[in-house]
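A quick write-up on the structure given underneath.
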Amino acid sequence: MKKILLSVLGLSAISFVSLYAKTDKTCQNLPAGIYECNPYSFHLIRVKEIKNNGKKKLVEDRIKPSQPSNTIQDLIDKYVKINEPVRYKGEDNLPLELGSETIKHYMSMAQKLKEQRESLVSKIIKEEEARFNKQQLILKEHKYQQALKILKEKQENLYGYYKVKSGDTLSHIAYMFGLKIDELAKLNDINKTKHIRINQKIKLPYTQEKIEVISKAEYKVKKGDTLHSIAKEYNLKVDDLIVFNKYILDKVLKVGEIVKLPLPYKLAEIKRKVKAKEEARKKRLAQERMRKYKNFGRHRLRVTATAYTSHRGQTDKTPFLAAWNNRIRPGMKIIAVSRDLLYRYGMKNGTKVKIAGLRGYYTVRDKMNKRYKKRIDIYMGVNRRKALRWGRRSVVIYW
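The numbering used here numbers the first residue of the sequence shown as 288 and each following residue consecutively.
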């Protein structure tokens with residue numbers, strides 16, 4: 288069994304001072320009054336080893352190298368290498384015996400280097416400031432352009448365009464959208480006397496959605512819309528909306544429903560269409576009458592038409608007895624004709640005659656005095672007021 292006793296060499300190891308004092312820096316330049324040094328506490332260690340060899344115990348005393356130290360200072364001494372700074376390299380090696388000229392030379396060089404360094408630093412600072420200012424200007428310009436673009440988009444959203452259709456004029460478009468023709472011409476930079484082209488875009492001070500609604504006079508109901516809100520938006524009356532769309536008084540609108548708008552231009556357009564339709568109907572009826580008259584008989588003549596009744600002041604003593612002994616009574620459609628129509632134009636008793644402007648057919652049952660030429664007298668029964676209201680007219684007769 289081995290027992291190892293370790294102890295650090297103390298001040299008693301004087302015999303080894305002379306051996307290791309030359310190599311160890313710790314034993315150099317000892318202070319006054321100190322005559323002993325222990326340089327082995329960090330380098331060598333004294334070991335006593337006891338060996339048991341049967342009956343005898345052998346003690347060996349010897350010095351062994353110590354284990355490497357792991358302190359921070361040792362690690363720094365071993366691994367860290369400190370070099371002289373490049374900036375001040377060689378300054379410590381300047382000769383001590385320098386003349387005044389040499390010192391002035393070195394001082395002037397140092398001053399020049401300092402001035403160069405300061406000028407370089409100031410130049411770099413100015414360049415950085417200029418670059419920063421340029422970046423700020425670019426950033427401000429970018430923000431300005433963005434703000435200008437947003438403003439332009441907002442202004443564009445306030446205006447819309449109307450596409451010119453066939454038959455449109457500048458005055459009609461101005462009337463349609465409730466504008467003055469001078470304002471519209473100035474807004475579009477055009478002459479109000481010049482003609483506009485089909486598919487030409489006219490700028491208007493309304494949103495595009497509102498322009499589409501006004502041009503069609505139809506509004507598509509959205510969520511939350513009411514008749515009051517629609518009427519207020521397009522400057523209309525609620526009663527006009529109800530009448531124009533044939534709604535009941537408490538009509539509830541549905542989303543997506545189409546509401547027709549009674550705009551002024553739309554009402555005028557409807558009136559024009561109704562008037563044109565009525566004129567076309569009257570023209571068609573007149574053409575039909577003319578066609579009937581043309582198909583009736585072979586003769587056509589313009590004559591003067593008067594009216595008479597069965598009174599003694601307008602006939603002889605027998606007011607209900609006509610020429611050719613024809614008995615007449617109120618309600619009969621008969622006429623008396625001048626004698627030239629009988630002898631010259633071929634009429635006779637019982638001839639069917641069509642009078643333009645009057646319904647039905649009239650029969651020749653009487654004749655007038657021989658002093659009349661191209662005359663007919665329409666029988667009005669005993670209605671003197673009706674005869675006076677008829678008076679004297681120029682008509683065309685067919686037979």
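Yeah, the Cβ is synthetic: ideal placement off N, Cα and C, and Gly gets one too.
Residue i - DSSP class collapsed to helix/strand/coil
i	result
T638	coil
G320	With a pLDDT of 48 at G320, under the threshold of 50, the modelled position of that residue is not reliable, and the figure given next carries that caveat. In the structure shown, G320 sits in coil (DSSP, three-state: anything other than H, G, I, E or B).
R662	strand
L523	coil
S516	helix
S681	strand
V539	coil
L645	coil
E544	coil
L608	strand
R484	coil
S453	coil
L383	Because the pLDDT of L383 is 46, which lies under 50, any placement of that residue in the model is unreliable, and the number read from its coordinates should be weighed accordingly. Here L383 sits in coil by DSSP.
L466	coil
K533	coil
A674	helix
L572	helix
N478	coil
I602	Checking the sequence, you will find Thr at residue 602 rather than Ile. T602 falls in the coil class under three-state DSSP.
D528	For the record, residue 528 in the displayed sequence is Leu; it is not Asp. Helix at L528.
L550	coil
M396	helix
M619	coil
Residue i, buried or exposed, once every other Cβ within 10 Å from all chains shown has been counted against 16
i	result
F531	buried
F464	buried
E378	Note on E378: pLDDT 49, under 50, position unreliable in the model; the coordinate value appears next. It counts as exposed.
K654	buried
M667	buried
Y322	Residue placement at Y322 cannot be trusted, given a pLDDT of 46 that sits under 50; the coordinates are not used to answer.
A461	buried
D469	exposed
R585	exposed
V640	buried
Y648	exposed
L514	buried
I412	exposed
Y630	exposed
Y431	exposed
I684	buried
G511	exposed
T596	buried
V500	buried
Y393	exposed
D526	exposed
S409	exposed
Per DSSP, cross-strand counterpart(s) of residue i
i	result
V669	For V669, which the question treats as bridged, DSSP gives no partner whatsoever.
V624	K654 and I663
A594	I665
K447	Note that residue 447 corresponds to Gly in the displayed sequence, not to Lys. BP columns for G447 point to L491.
Y632	According to DSSP, Y632 bridges with nothing at all.
R587	Y685
K507	I545
R614	L608
Residue-level contact to chain C via CB, residue i, 9 Å cutoff
i	result
S453	Of the chains in the structure shown, none is chain C; there is only one protein chain.
Supposed close pair residue i, residue j - CB separation, criterion 8 Å
i	j	result
G644	V682	6 Å
L528	P549	7 Å
I622	I615	That pair is no contact at about 11 Å.
W686	T638	6 Å
R652	A609	5 Å
V508	L540	5 Å
I663	A592	5 Å
Residue i CB to nearest heavy atom of the ligand COA below 8 Å
i	result
I621	No copy of the ligand COA appears in this structure; indeed no ligand is present at all.
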